[in-house]
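Student:
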């Protein structure tokens with residue numbers, strides 16, 4: 001007996017997970033930018049790495065447009 005495989009459509013709602021992760025990473029970036037360390041000798045560097053199309057530029061633009069970062073001295 002031969003059974004045909006019927007393709008099934010599977011839909012997973014990952015948009016919410018991506019947004020939560022983006023928000024968490026954005027908040028970490030903002031905290032890094034606002035961190036003041038008077039005793040620091042070197043400038044802090046935060047590398048943002050990943051494959052193309054994963055939202056690296058969007059993450060940085062969102063963090064740099066945040067009002068807390070814009071008004072920081």
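Numbering (the UniProt record's numbering), first residue to last: 1 to 73.
Cβ coordinates follow ideal geometry from the N, Cα and C atoms, glycine included.
1. Who are the near neighbours of residue 72 in its chain, counting only those whose CB is closer than 8 angstroms to its CB and skipping five residues on each side?
2. Can the beta-carbon of residue 68 be found less than 8 angstroms from the beta-carbon of residue 30?
3. Tell me whether residue 63 is buried or exposed, calling it buried when 16 or more other Cβ atoms sit within 10 Å of its Cβ.
4. For residue 21, tell me which candidate among 46, 66, 56 has the shortest Cα-Cα distance.
5. Inspect the beta-carbon positions of residue 45 and residue 60 and report whether they are closer than 8 angstroms.
6. What are the boundary residues of the alpha helix (DSSP H) that includes residue 56?
Tutor: By the coordinates alone:
1. 33, 34
2. yes
3. buried
4. 56
5. no
6. 56–65
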